[in-house]
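Since the structure comes first, as structure tokens, the remarks are kept for the end.
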Amino acid sequence: MAQFDVYKNENDQTNQKVPYLLDIQNDILDSINTRVVIPLVKDKNDFKGLTKKFIIENQKVYLTTSQMGAVHKNELKTKITTLINQKEEIKNSIDFLIYGF
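For the sequence shown, numbering that gives the first Met the number 0 assigns the number 100 to the last residue and increments by one with no breaks.
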């Protein structure tokens, strides 16, 4: 597991609306049994600064920073890709949620 990796959402109750989860937890905390993730959803939330668009497996998905949470490591099974090249955009979205800028 690595920070900014994207995983398939394996939960049948939510994966239609939330097909992917973005792992944002720093790798130095890998010994913890949970990972902090941000959902990547199909429907756009237009709150400027918190929503970023990405293309994953040829479909548009949107980072929903305001819905970040923790999941058990066991829930992150299938790695799809990494968004390490977009880490500044992701970090800016987290900063906006926490600090307002």
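Cβ coordinates follow ideal geometry from the N, Cα and C atoms, glycine included. Small disclaimer: the values here were computed from a predicted structure and weren't measured.
Do residue j and residue i come within 8 angstroms of each other at the CB atom, strictly closer than that value?
i, j, result
"Val70", "Val40", "no"
"Ile37", "Met67", "yes"
Which residues in the same chain as residue i place their Cβ atom closer than 6 angstroms to its Cβ, once the five residues preceding and following it in sequence are excluded?
i, result
"Thr13", "none"
For residue i, I'd like the list of residues in its chain whose CB is within less than 8 angstroms of its CB, leaving aside the five on either flank, ordered along the chain.
i, result
"Ile55", "Val5, Pro18, Tyr19, Leu39, Ile79 and Thr80"
"Asp42", "Lys16 and Tyr61"
Taking just the CA atoms, how far does residue j sit from residue i?
i, j, result
"Thr50", "Asp11", "24 angstroms"
"Asp29", "Gln58", "29 angstroms"
"Phe91", "Glu74", "In the sequence as presented, Phe is not what sits at residue 91; that position holds Asn. C-alpha separation (whole angstroms): 26 angstroms."
"Gln2", "Glu87", "13 angstroms"
"Thr64", "Gly48", "9 angstroms"
"Phe53", "Gln85", "9 angstroms"
From this set, the options, which residue's C-alpha is nearest residue i's C-alpha?
i, options, result
"Lys7", "Lys76, Lys52, Phe53 and Gly48", "Lys76"
"Leu82", "Glu9, Leu21, Phe46 and Lys47", "Leu21"
"Gln24", "Ile93, Phe53, Lys43 and Asn44", "Ile93"
When burial is assigned at 16 or more other CB atoms within 10 Å of the CB, is residue i buried or exposed?
i, result
"Ile31", "exposed"
"Ile97", "exposed"
"Gln103", "Residue 103 lies beyond the stretch modelled for the chain, which goes from 0 to 100, so this question has no answer here."
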